[in-house]
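Participant:
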């Protein structure tokens, strides 16, 4: 199966194909929406395909309904994908738990080639290894005991039903690769042989990510820079399979003023907060995510504000960009290397509580512009009715004509 898919990949014409691959573990994070936006803009700018893939292999963290909510959010923000769970496509299924046979074939190929092996060590033994390392003030590492198990013995023990994981052989070495944003990267690999397939037959992120990107013909991997440290291992996996890796673009993270990654423990770290709690219109949120002002200005040495690099050519902060306009001026070469900083949410804007948590002047400007640009009947009226129903639970619905007058008044006075 693997070699047939490899031939299909190699024989197909090259085109831009990117993916947004969230895990359905709860509400979508603000950084997740930004990653989806960058993938969408990249695909549309280069006349390529934007794919949604659901990475649901971490069964312990799955939240029922999250996958459907992710699709709803993407639709709400206009980030319509070309292939995915609901739409299908030539490279499906697009949910990882439905692709388990593909991952099994992949690890079998690595085992046969001598790049991976079955590890039969129990959790108890692994726990003792960790405790011993801690006692010695050493970095906990697997001792590679099962590397020495012969292939025949390994097959026999697996056939007898003995539980195992599959580990990838990681010898100490330096790995170099190119990142389209950060340039040439060299990483020293000095870790335990990493687990590719768990004892329940589900893959880890490292395996599923590589296999799916290959067979979905992903040309560019655009993701948060928290994955930059793992990319060296991914490159080694590509080499072990004999595959060419896609191009990598690791985008800066969203951080707080302390430069700590925006925490999922905070409600304002989630897209849901802006949509439901603050009533932000999609255009306002997307412009903030794409703009060079997606942050309170950083004061460098207490002297001048340092502007962040948005990935949009000549971004005009006094203009509300549509997705079509963003697509036209998007340029991945304009994406900066610095993490984006945000401030705590402090106070609401007068009038309608539109949002936000970032630079107040910038937020107010985008909020007002989005209201001015929005059509009353197709955008503002439906949004207001949903807000009223959710917040007040009125026994009788207000007349549309009355709500239109309210909205017209607000538009006239939001200047």
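In this note's numbering, the protein residues as written are 6 to 420.
By construction, the Cβ of each residue, glycine as well, lies at the ideal position given by its N, Cα and C atoms.
Owing to the predicted nature of the structure, the values given are computational and were not obtained by experimental measurement.
1. Between which two residues does the beta strand (DSSP E) carrying residue 254 extend?
2. Measuring CA to CA, which of 87, 247 and 274 is closest to residue 259?
3. Taking the beta carbon of residue 19 as the centre, do at least 16 other beta carbons fall within 10 Å, making it buried, or is it exposed?
4. For a quick check, are the C-beta atoms of residue 180 and residue 237 less than 8 Å apart?
5. Go ahead and pull the three-state DSSP assignment for residue 124.
6. With 16 as the cutoff for other CB atoms within 10 Å, does residue 112 come out buried or exposed?
7. When the Cα atoms are used, what is the spatial distance from residue 66 to residue 407?
8. If you count every other CB in all the chains shown that lies within 10 Å of the CB of residue 80, and 16 or more means buried, which is it?
9. Tell me whether residue 51 sits in a helix, a strand or coil according to DSSP, three-state version.
10. Measuring alpha carbon to alpha carbon, tell me which of 88, 109, 255 and 395 ends up nearest residue 208.
11. Checking the sheet assignment: what are the DSSP bridge partners for residue 199?
12. Compare the C-beta of residue 333 with all C-beta atoms of chain C and state if any pair is closer than 8 Å.
13. In terms of alpha-carbon separation, which member of 155, 281, 29 and 170 lies closest to residue 429?
14. Please report the residue range of the beta strand (DSSP E) in which residue 417 lies.
15. Spell out the partners DSSP gives residue 183 in its beta bridges.
16. Could you spell out where the alpha helix (DSSP H) holding residue 290 opens and where it closes?
17. Is it buried or exposed for residue 101, if we count other Cβ within 10 angstroms and need 16 for buried?
Facilitator: Let me lay it out:
1. Where residue 254 is concerned, the enclosing beta strand (DSSP E) stretches over 252-256.
2. Closest by C-alpha distance to residue 259, out of 87, 247 and 274, is 274.
3. Classification for residue 19: exposed.
4. Taking 8 Å as the Cβ cut-off, residue 180 and residue 237 qualify as a contacting pair.
5. For residue 124, the three-state secondary structure derived from DSSP is strand.
6. If you draw a 10 Å sphere on the C-beta of residue 112, you find 16 or more other C-beta atoms in it, and that means buried.
7. Looking at the two C-alpha atoms, the distance is approximately 45 Å.
8. In this structure residue 80 is exposed. Its beta-carbon is surrounded by fewer than 16 other beta-carbon atoms within 10 angstroms.
9. In this structure, residue 51 counts as coil in the three-state DSSP scheme.
10. Of the listed residues, the one whose Cα sits closest to residue 208 is 109.
11. In the DSSP assignment, residue 199 is bridged to 173.
12. Any reference to chain C falls outside this structure, which holds one protein chain only.
13. Only positions 6 to 420 of the chain appear in the structure, and residue 429 is not among them; the question remains open.
14. Note, residue 417: premise wrong, no beta strand (DSSP E); alpha helix (DSSP H) at 405-418.
15. The partner list for residue 183 (beta bridge, DSSP) reads 189.
16. Run containing residue 290: 287-295, per the alpha helix (DSSP H) assignment.
17. Classification for residue 101: buried.
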